[in-house]
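Before any comments, here is the structure.
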Amino acid sequence: MEIVLLEHHRIQIMKAVWNGVVLAESDDTVVIEGNHYFPADSVKKEFLVESGFTSFCGWKGTASYYSVTANGKTNSDCAWYYPEPNDAAAKIRGHVAFWKGVEMED
1 MEIVLLEHHR
11 IQIMKAVWNG
21 VVLAESDDTV
31 VIEGNHYFPA
41 DSVKKEFLVE
51 SGFTSFCGWK
61 GTASYYSVTA
71 NGKTNSDCAW
81 YYPEPNDAAA
91 KIRGHVAFWK
101 GVEMED
(Lines of atoms letter the chains of each structure in order from A; the text may use other names.)
(Lines give C-alpha, C1' and ligand atoms only; values in the text may rest on other atoms or scores of the structure.)
Protein backbone atom coordinates (compact mmCIF):
# COMPACT_ATOMS: atom_id res chain seq x y z
CA MET A 1 0.00 0.00 0.00
CA GLU A 2 1.31 3.41 -0.96
CA ILE A 3 0.61 6.35 1.32
CA VAL A 4 0.05 9.64 -0.46
CA LEU A 5 0.95 12.64 1.66
CA LEU A 6 -1.50 15.45 1.06
CA GLU A 7 -0.02 18.69 2.23
CA HIS A 8 -0.45 22.36 1.67
CA HIS A 9 2.22 24.98 2.23
CA ARG A 10 0.77 28.26 3.52
CA ILE A 11 2.21 31.59 2.48
CA GLN A 12 0.27 33.83 4.84
CA ILE A 13 1.29 34.32 8.45
CA MET A 14 -0.41 31.87 10.82
CA LYS A 15 -0.60 32.20 14.60
CA ALA A 16 -1.36 29.61 17.26
CA VAL A 17 -3.18 31.42 20.09
CA TRP A 18 -4.39 30.14 23.44
CA ASN A 19 -5.66 32.02 26.51
CA GLY A 20 -4.68 35.37 25.00
CA VAL A 21 -1.08 34.36 24.20
CA VAL A 22 0.49 33.86 20.77
CA LEU A 23 2.30 30.51 21.12
CA ALA A 24 3.68 30.36 17.58
CA GLU A 25 3.75 32.58 14.50
CA SER A 26 5.06 31.73 11.05
CA ASP A 27 4.59 32.25 7.32
CA ASP A 28 6.00 28.75 6.73
CA THR A 29 3.59 26.26 8.31
CA VAL A 30 3.05 22.84 6.80
CA VAL A 31 -0.59 21.69 6.82
CA ILE A 32 -1.17 17.95 7.07
CA GLU A 33 -4.54 16.38 7.85
CA GLY A 34 -5.89 19.85 8.68
CA ASN A 35 -3.21 20.57 11.29
CA HIS A 36 -0.74 23.45 10.97
CA TYR A 37 2.79 22.38 11.83
CA PHE A 38 4.91 25.37 12.88
CA PRO A 39 8.70 25.41 12.49
CA ALA A 40 10.22 24.89 15.95
CA ASP A 41 12.04 28.23 15.82
CA SER A 42 8.68 30.03 15.46
CA VAL A 43 7.29 28.52 18.68
CA LYS A 44 7.59 30.43 21.97
CA LYS A 45 9.09 27.64 24.03
CA GLU A 46 8.84 29.58 27.28
CA PHE A 47 5.16 28.57 27.39
CA LEU A 48 5.76 24.86 26.66
CA VAL A 49 6.79 22.01 28.98
CA GLU A 50 7.37 18.41 27.89
CA SER A 51 4.44 16.42 29.25
CA GLY A 52 5.82 12.90 28.90
CA PHE A 53 2.75 11.82 26.90
CA THR A 54 3.26 10.08 23.55
CA SER A 55 1.04 8.71 20.81
CA PHE A 56 1.65 6.67 17.68
CA CYS A 57 0.57 7.26 14.08
CA GLY A 58 1.14 4.46 11.59
CA TRP A 59 2.59 6.68 8.88
CA LYS A 60 4.07 9.59 10.89
CA GLY A 61 5.59 7.70 13.82
CA THR A 62 5.67 8.47 17.55
CA ALA A 63 4.59 11.92 18.68
CA SER A 64 5.75 13.61 21.88
CA TYR A 65 3.60 16.22 23.60
CA TYR A 66 3.93 19.55 25.36
CA SER A 67 1.62 21.15 27.88
CA VAL A 68 1.18 24.92 27.68
CA THR A 69 0.91 27.35 30.58
CA ALA A 70 -0.21 30.88 29.71
CA ASN A 71 -1.77 33.62 31.81
CA GLY A 72 -2.07 31.33 34.83
CA LYS A 73 -3.83 28.43 33.08
CA THR A 74 -2.48 25.10 31.80
CA ASN A 75 -3.62 23.20 28.71
CA SER A 76 -2.25 19.67 29.05
CA ASP A 77 -0.85 17.82 26.01
CA CYS A 78 -2.09 20.50 23.60
CA ALA A 79 0.99 20.59 21.37
CA TRP A 80 2.83 17.76 19.68
CA TYR A 81 5.81 17.03 17.50
CA TYR A 82 7.51 14.05 15.90
CA PRO A 83 11.15 13.88 17.08
CA GLU A 84 11.93 11.13 14.57
CA PRO A 85 9.13 11.04 11.99
CA ASN A 86 8.87 8.23 9.47
CA ASP A 87 10.18 9.01 5.98
CA ALA A 88 6.64 9.71 4.70
CA ALA A 89 6.34 12.55 7.24
CA ALA A 90 9.86 13.97 6.93
CA LYS A 91 8.53 17.47 6.17
CA ILE A 92 7.22 17.84 9.73
CA ARG A 93 10.55 17.03 11.38
CA GLY A 94 11.37 20.03 13.56
CA HIS A 95 7.76 21.27 13.57
CA VAL A 96 5.12 21.62 16.31
CA ALA A 97 1.32 21.38 15.95
CA PHE A 98 -1.45 22.38 18.37
CA TRP A 99 -4.96 21.29 19.33
CA LYS A 100 -7.29 21.21 22.39
CA GLY A 101 -8.57 24.76 22.09
CA VAL A 102 -5.46 26.38 20.62
CA GLU A 103 -6.84 28.60 17.86
CA MET A 104 -5.27 29.07 14.44
CA GLU A 105 -5.44 32.67 13.25
CA ASP A 106 -4.27 34.23 10.02
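In full-length UniProt numbering, the protein residues as written are 1 to 106. Here a beta-carbon is modelled for each residue, glycine too, at the ideal position from N, C-alpha and C.
- In its own chain, which residues sit with a C-beta less than 6 Å from the C-beta of H44, not counting the 5 before and 5 after it? Note that residue 44 is Lys in the sequence shown, not His. Excluding positions up to five away in sequence, the list reads L23.
- Query: Relative to the C-alpha of S76, which residue among I13, D28 and V49 is closest?
  - Reply: If you compare the alpha carbons of I13, D28 and V49 with that of S76, the shortest gap goes to V49.
- Query: Starting from P39 and walking both ways along the beta strand (DSSP E), at which residues does that stretch end?
  - Reply: Element bounds for P39: N35 to P39.
- Message: Which residues does DSSP list as the beta-bridge partners of A63?
- Response: According to DSSP, A63 bridges with S55.
- Message: My output table needs one value for E46: the three-state DSSP class, helix, strand or coil.
- Response: Residue state, collapsed to three classes: helix.
- Message: I need the DSSP call for I92, collapsed to helix, strand or coil.
- Response: Of the three classes helix, strand and coil, the one that applies to I92 here is helix, per DSSP.
- Between I13 and G58, what straight-line distance do the alpha-carbon atoms span, to the nearest angstrom? Cα to Cα, I13 sits roughly 30 Å from G58.
- Item | Bridge-paired residues (DSSP) for T74 | Note: T74 sits in a beta bridge opposite T69.
- Item | Segment contact, 8 Å Cβ cut-off, at least three pairs: the stretch 28-37 with the stretch 61-77 | Segment contact: the stretch 28-37 against the stretch 61-77, fewer than three CB-CB distances shorter than 8 Å; contact not assigned.
- Among the residues of its own chain, which have a CB less than 8 Å from the CB of G101, if the five just before and after it don't count? Cβ-Cβ distances below 8 Å link G101 to W18, N75 and C78 in the same chain, with the five nearest sequence neighbours on each side left out; the list follows chain order.
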